[in-house]
């Protein structure tokens, strides 16, 4: 006959099992949290959710006579301090037509600074049909003191927008950018190597 486990031992074993499960759940939640951000970005790019434009590798294969107005908006985070604006406020485009638009940016400060641009379109329902072929927002931008640069973007509005009951009646789309600063790690100044401390001689000198 096997000896029965004492209640205290059984309770301790149960607590260990529960603790192990809770630890596993915590680790899993951390992993999901880290994966959630890139997955959410991919989801937005694929679906246009939240007004996220699409990225196209080539121009549209069809162009329609129907037109839509695209309005350009520009914003800069206060911490960056650039001067940033579109060179034209609106443009009338045909559905499927590739359009080249321009923004300009200037760094009025006395030091070089780097920035990255976030982007979206409104109304949100247009995000799935607004396609960028090339854009300054795909890469980080660095401006030297006083430097002013042209920032082009090439895009088209997918004719498939006419098949969407929520977006087919749109007459205007706003493309908006916001530049944020990129903090660069500052290199620490190399400190001269200090000589190793010498042991102090005992009073009376050497024997």
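In the numbering used here, the protein residues as written are -3 to 203. All C-beta atoms in this analysis are idealised placements derived from N, C-alpha and C, irrespective of residue type, glycine included. Remember, predicted model here, so these are calculated numbers, not experimental data.
Query raised in the report: Starting from residue 97 and walking both ways along the beta strand (DSSP E), at which residues does that stretch end?
Result: 95 to 102
Report task. Note down the Cα distance separating residue 54 from residue 171, rounded to an integer number of angstroms. Result -> 20 Å
Query raised in the report: Are residue 91 and residue 155 touching if we call contact CB-CB under 7 Å?
Result: yes
Report task. Mind checking who residue 173 pairs with in its DSSP beta bridge? Result -> 70 and 115
Query raised in the report: Given residue 110, which residues of its chain have a CB within under 6 Å of its CB, disregarding the five upstream and five downstream residues?
Result: 136, 138 and 178
Query raised in the report: Could you give the distance in angstroms between the alpha-carbon of residue 51 and the alpha-carbon of residue 142?
Result: 32 Å
Requested in this report: Classify residue 71 as buried or exposed, calling it buried when 16 or more other Cβ atoms lie within 10 Å of its own Cβ.
Outcome: exposed
Query raised in the report: Within this structure, are the beta carbons of residue 82 and residue 68 separated by less than 7 Å?
Result: yes
**Report entry** Among 73, 124, 176 and 149, nearest to residue 84 - alpha-carbon criterion
**Finding:** 149
Query raised in the report: When you compare each of 116, 147, 118 and 88 to residue 131 by their alpha carbons, which one comes out closest?
Result: 147
Requested in this report: Classify residue 12 as helix, strand or coil using the three-state DSSP reduction.
Outcome: helix
Query - Residues bridged to residue 137 [DSSP beta-bridge criterion] - result: 111
Report task. Using three-state DSSP, classify residue 146 as helix, strand or coil. Result -> strand
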